[in-house]
Amino acid sequence: MSDTETHGETDTSCGFIAVIGAPNAGKSTLVNTLVGTKVAIVSRKVQTTRTTLRGIAIDGRSQLVFIDTPGIFAPRRRLDRAMVEAAWGGAGDADLVLLVVDAAKGIDDDVERILAKLATTGVIPDAGAKSRRSGTSPDQGSHPLLLLALNKIDRVRKQELLALAAELNARIPFAATFMISALNADGVADLRAFLVRSVPPGPWHYPADEVSDAPLRMLAAEITREKIYDRLHDELPYESAVETTLWREEGNSVRIEQTIYVERDSQKAIVVGKGAAMIRQLSMEARKELAELLQRPVHLFLFVKVRGGWGDDPARYRALGLTFPKQ
4 MSDTETHGET DTSCGFIAVI GAPNAGKSTL VNTLVGTKVA IVSRKVQTTR
54 TTLRGIAIDG RSQLVFIDTP GIFAPRRRLD RAMVEAAWGG AGDADLVLLV
104 VDAAKGIDDD VERILAKLAT TGVIPDAGAK SRRSGTSPDQ GSHPLLLLAL
154 NKIDRVRKQE LLALAAELNA RIPFAATFMI SALNADGVAD LRAFLVRSVP
204 PGPWHYPADE VSDAPLRMLA AEITREKIYD RLHDELPYES AVETTLWREE
254 GNSVRIEQTI YVERDSQKAI VVGKGAAMIR QLSMEARKEL AELLQRPVHL
304 FLFVKVRGGW GDDPARYRAL GLTFPKQ
């Protein structure tokens, strides 16, 4: 009998927590820290999360399902619009919404847009939200519980943090505010404890040993895409994608083939590198992390293809789990 079958509604709780914020606010780093393992890619390049990924954590009798959403920003391209729509879609489906703000940047244009959108989307908590600061479960049918996390607090003086928290809470009635450093895990334990107390009672949605609902093929592609951004974040634009085209079990090992799509021949040359040095480096780094993730040997083969205008191809959006915007 599975864990989801043995844990009944009377003694367990489970909730979906949407983690939203501007690009590079530290959302993916926070989700990885809360889950306790890597489920989302992290890069210096902004807007690297393209679709909503779920990370799953167990704490006592509570299951926390974190929805790591794309960064919310002013969209300029079709892919941008699809990413922002996915982010707000994740927020609309959640029991709790956690807004992550880079404390070092404060209330910039992207944060202003998010605050304005929150005020018009029905995500704003009800009048009783403040009374739930102790961390009791949201009422059925109520608005999602809206929380604030000021991230990267190690870069900001205390008085500036307090002023920023006060200003944001004056704009939006957050149920609780947390000051954290997702990278160093400072303050994250208090945030997680609050979430455990706040998720509604009910059965677990995922098995106890599952840390993400993303298929392994997608996670593998995300790992390779992270290595590309780490190595080529200045040279390569966002119009690139990675797809896992083959996943074959071979005894105790696995053979993985992936295709890296770029839009121009000049970009292909950058990814391949002189004498194929760059693609060998990318393959080595991705293969090492995949082997650690899968706990077995991995044979990874990378191919680079030029596909002009892939950002306007509906099939590519479906592969990313995004809705293709009509305009």
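Heads up: the sequence shown begins at 4 in the working numbering, then just goes up one per residue.
Beta carbons: idealized from backbone N, C-alpha and C, even for Gly.
Taking buried to mean at least 16 other C-beta atoms within 10 Å of its own C-beta, is A178 buried or exposed? Result: buried.
What does a CB cutoff of less than 7 Å around V214 pick up in its chain, not counting 5 residues either side in sequence? The answer, listed in chain order, is V38, T40, V42, G58 and I59.
What residue does the alpha helix (DSSP H) around I231 start on, and which one ends it? L219 to L235
Suppose contacts are defined by Cβ-Cβ distances below 8 Å. Is Y264 in contact with S286 by that definition? no
Looking at D98 and R64, is the spacing between their C-beta atoms short of 8 Å? no
For the 8 Å Cβ check, are there 3 or more pairs between the segment 167-175 and the segment 107-123? With the cut-off at 8 Å, the segment 167-175 and the segment 107-123 touch.
Enumerate in chain order the residues of its own chain whose CB-to-CB distance from Q66 is below 6 Å, with the five nearest sequence positions on each side excluded. C17 and W207
Presumed contact (8 Å Cβ cut-off) between A223 and L148, rounded CB distance: A223 to L148, Cβ: 34 Å. No contact.
For N154, three-class secondary structure by DSSP: Strand, per DSSP.
Could you round the C-beta distance between S269 and H302 to whole angstroms and report it? I think they count as a contact, below 8 Å. That belief does not hold up - the Cβ atoms of S269 and H302 are roughly 29 Å apart, past 8 Å.
Can you tell me which residues form a DSSP beta bridge with S1? Only positions 4 to 330 of the chain appear in the structure, and residue 1 is not among them; the question remains open.
Extent of the continuous alpha helix (DSSP H) to which L171 belongs: K161 to R174
In or out: E229 buried (at least 16 other Cβ within 10 Å) or exposed? buried
Would you say I156 and A25 are within 8 Å of each other, going by their C-beta atoms? no
Limits of the unbroken alpha helix (DSSP H) element including K308: Taken as a continuous stretch (DSSP letters only), K308 belongs to no alpha helix (DSSP H), being part of the beta strand (DSSP E) at V301 to V309.
Can you tell me whether D111 is buried or exposed? The criterion is at least 16 other CB atoms within 10 Å of its CB, across all chains shown. exposed
Quick check: V103 and G190, are their CB atoms within less than 8 Å of each other? no
Going by alpha carbons, who is nearest to A289 out of R234, V309 and E253? R234
Apply the 10 Å Cβ neighbour rule to F19 and answer buried if 16 or more other Cβ atoms are within range, or exposed otherwise. buried
Could you say which of E266, L296 and L305 lies nearest to G311 if we only look at CA atoms? The alpha carbon of G311 has as its nearest neighbour, out of E266, L296 and L305, the alpha carbon of E266.
Which residues mark the beginning and the end of the alpha helix (DSSP H) in which E197 is found? According to the sequence as given, residue 197 is Phe; it is not Glu. Note, F197: alpha helix (DSSP H), V191 to S201.
With a 10 Å radius around its C-beta and 16 neighbouring C-beta atoms as the bar for buried, classify I23 as buried or exposed. buried
According to DSSP, simplified to helix, strand and coil, what is Q270? helix
Opening and closing residue of the alpha helix (DSSP H) in which A179 lies: First-last for A179: A179 to M182, but that is the beta strand (DSSP E), not the alpha helix (DSSP H).
When burial is assigned at 16 or more other CB atoms within 10 Å of the CB, is Q162 buried or exposed? exposed
Pull the bridge partners of E246 from the DSSP assignment, please. E246 is bridged to T262.
Name, in chain order, the residues that DSSP records as bridge partners for V68. Assignment of beta-bridge partners to V68 by DSSP yields F19 and I59.
Quick one: give me the first and last residue of the alpha helix (DSSP H) that L186 is part of. Where L186 is concerned, there is no enclosing alpha helix (DSSP H), given that its DSSP letter is neither H nor E.
In or out: Q261 buried (at least 16 other Cβ within 10 Å) or exposed? By the 10 Å Cβ count, Q261 comes out buried.
Going along the chain, which residues of its own chain have a beta-carbon closer than 6 Å to the beta-carbon of T180, five neighbours each way excluded? L151 and A168
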